[in-house]
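**Q** Following my numbering, the numbering of the sequence shown begins with 153 at its first residue and continues without gaps. We put the beta carbon where it would ideally sit given N, CA and C, even for glycine. Since the structure is predicted, the reported quantities are computational estimates derived from the model, not experimental observations.
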Amino acid sequence: MCLIHNTPPVVMNLKKIRRLMKKYGLQCPIRRANPYRKMKNAMKTNHYAPNLLDREFESYGPRLVLLTDITYIPWGGSFLYLCVIMDAYTKQVLSYTLSPTLEVDFVLDAVDILMREHGVSLHAETVIHSDQGCHYTSCKFIELVEHNELRRSMSRKGNCWDNAPQESFFGHMKDLIDLTGDPSFYEVKAIIDDYMSYYNNERYQWDLAKLSPNEYFSFVTTGVYPLDLPSKPSPPEISKTPNELGAHTLEPEIVSDPLIR
Numbered sequence: 153m154c155l156i157h158n159t160p161p162v163v164m165n166l167k168k169i170r171r172l173m174k175k176y177g178l179q180c181p182i183r184r185a186n187p188y189r190k191m192k193n194a195m196k197t198n199h200y201a202p203n204l205l206d207r208e209f210e211s212y213g214p215r216l217v218l219l220t221d222i223t224y225i226p227w228g229g230s231f232l233y234l235c236v237i238m239d240a241y242t243k244q245v246l247s248y249t250l251s252p253t254l255e256v257d258f259v260l261d262a263v264d265i266l267m268r269e270h271g272v273s274l275h276a277e278t279v280i281h282s283d284q285g286c287h288y289t290s291c292k293f294i295e296l297v298e299h300n301e302l303r304r305s306m307s308r309k310g311n312c313w314d315n316a317p318q319e320s321f322f323g324h325m326k327d328l329i330d331l332t333g334d335p336s337f338y339e340v341k342a343i344i345d346d347y348m349s350y351y352n353n354e355r356y357q358w359d360l361a362k363l364s365p366n367e368y369f370s371f372v373t374t375g376v377y378p379l380d381l382p383s384k385p386s387p388p389e390i391s392k393t394p395n396e397l398g399a400h401t402l403e404p405e406i407v408s409d410p411l412i413r
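1. Classify residue 170 as helix, strand or coil using the three-state DSSP reduction.
2. Could you tell me the distance, in whole angstroms, from the CA atom of residue 202 to the CA atom of residue 262?
3. Which residues mark the beginning and the end of the alpha helix (DSSP H) in which residue 312 is found?
4. Going straight from the alpha carbon of residue 227 to that of residue 234, what length do you get?
5. Examine the Cβ distances between the segment 247-254 and the segment 288-301 and report whether three or more of them are shorter than 8 Å.
6. Quick check on the burial criterion: 16 or more other C-beta atoms within 10 angstroms. Buried or exposed for residue 389?
7. List the DSSP bridge partners of residue 299.
8. Give the DSSP bridge partners of residue 226, in chain order.
9. Going by CA-CA distance only, name the one from 207, 175, 173, 213 that's closest to residue 373.
10. Under DSSP, the alpha helix (DSSP H) around residue 265 begins and ends at which residues?
11. For residue 276 and residue 383, I'd like the C-alpha separation in whole angstroms.
12. Work out the CA separation of residue 283 and residue 406 for me, nearest whole Å.
13. Just how far apart, CA to CA, sit residue 270 and residue 299?
14. Anyone know if the C-beta pair for residue 305 and residue 216 falls short of 8 Å?
15. May I have the straight-line CA-CA distance separating residue 171 from residue 332, to the nearest angstrom?
16. Provide the residue span of the alpha helix (DSSP H) that contains residue 275, from first to last.
17. On the DSSP bridge list, what partners appear for residue 244?
18. Would you report the Cα separation of residue 278 and residue 330, rounded to the nearest angstrom?
19. Do residue 243 and residue 365 have their C-beta atoms within less than 8 Å of each other?
20. In the segment 353-395, which residue ranges form an unbroken alpha helix (DSSP H) of at least 4 residues, counting only runs that do not cross its ends?
21. For residue 145, is the classification buried or exposed, using 16 other Cβ atoms within 10 angstroms of its Cβ as the cut-off for buried?
22. Excluding five sequence neighbours on each side, which residues of the same chain lie with their C-beta closer than 6 Å to the C-beta of residue 179?
23. Would you grab the beta carbon distance between residue 385 and residue 367 for me? Rounded to a whole angstrom, and I think it's under 8 Å.
24. With 16 as the cutoff for other CB atoms within 10 Å, does residue 338 come out buried or exposed?
25. Between which two residues does the alpha helix (DSSP H) harbouring residue 286 extend?
If you want it as structure tokens, here you go:
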């Protein structure tokens, strides 16, 4: 690069310019490109799906309603991106992937992990519910979901309550993980791995009969309560059958994609 306004011109490489800017506290006034906006425009489609849930997250039993979303994790001067797929009934995290970029591949990887590790426990009526983000309306995501015989469902525009359990999960996770000390990508991934293991196996929740998500799944599928309590609860009743899932749908609004939270 060349500082053309100097006489004679001063030639220096980009690394030196960045080093000098950092040394003297200088910032470039030109906006950086928004990576999500570029990604959104590249993958933009009108393949929206209706809302099959209408916020009835816990009415159908385990492995019938899967929630997915993407969240930003601050990392140095940029972000990492975490995609999670969770069971709305048991609150188990079934699959997750961490990526330094917003390419759609890490969302596809999350679906692949889901099918590899939990595909045998899914149902013909299983729904995967997301927001209207560009990753979830992309042709690649739709093709993968349809190939695995999952049904798509989407929140309404800008309505975080339509995916409330997933939003709540991200909020609690960010309160508990510690990313101070300028960790590397692999160190952040190890922290996320540790949290997911803790959450599924040790994060006891009042609404899950005082059990962890993995314990609750075992309880509702076997009827055996694992804690030695004087009064043991009965397995929860499932209020709706799989055939009722999506019987009353909310049609999608064809709108621009909301920003990923």
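**A** Walking through what the data contain:
1. Of the three classes helix, strand and coil, the one that applies to residue 170 here is helix, per DSSP.
2. Roughly 22 Å between the two C-alpha positions.
3. Unbroken run through residue 312: none, as it is neither H nor E.
4. As the crow flies, the alpha-carbon of residue 227 is around 12 Å from that of residue 234.
5. Verdict: no, contact absent.
6. Result: exposed.
7. Per DSSP, none; premise fails for residue 299.
8. Among the bridge pairs identified by DSSP, residue 226 is matched with 231.
9. Looking from the CA of residue 373, the closest CA among 207, 175, 173, 213 belongs to 213.
10. Where residue 265 is concerned, the enclosing alpha helix (DSSP H) stretches over 257-270.
11. If I take the Cα positions, the gap works out to 36 Å.
12. Residue confidence for residue 406 is low, a pLDDT of 46 falling below 50, so the modelled location carries little weight and cannot support an answer.
13. CA-CA distance, residue 270 to residue 299, rounds to 15 Å.
14. No; because the gap between Cβ atoms is not below 8 Å, this pair is not in contact.
15. Straight-line spacing of the CA atoms in residue 171 and residue 332 works out to 23 Å.
16. Premise fails: residue 275 is in no alpha helix (DSSP H) and is neither H nor E.
17. Looking at the DSSP assignment, residue 244 forms no beta bridge with any residue, so it has no partner.
18. The straight-line gap from Cα to Cα measures roughly 34 Å.
19. Contact: yes.
20. Here the runs fully enclosed are 365-374.
21. Since the first residue shown for the chain is 153 and the last is 413, residue 145 is missing from the structure and cannot be characterised.
22. Around residue 179: no qualifying Cβ.
23. About 12 Å; that fails the 8 Å criterion.
24. Under this definition residue 338 is an exposed residue.
25. From DSSP, the alpha helix (DSSP H) with residue 286 extends over 286-289.
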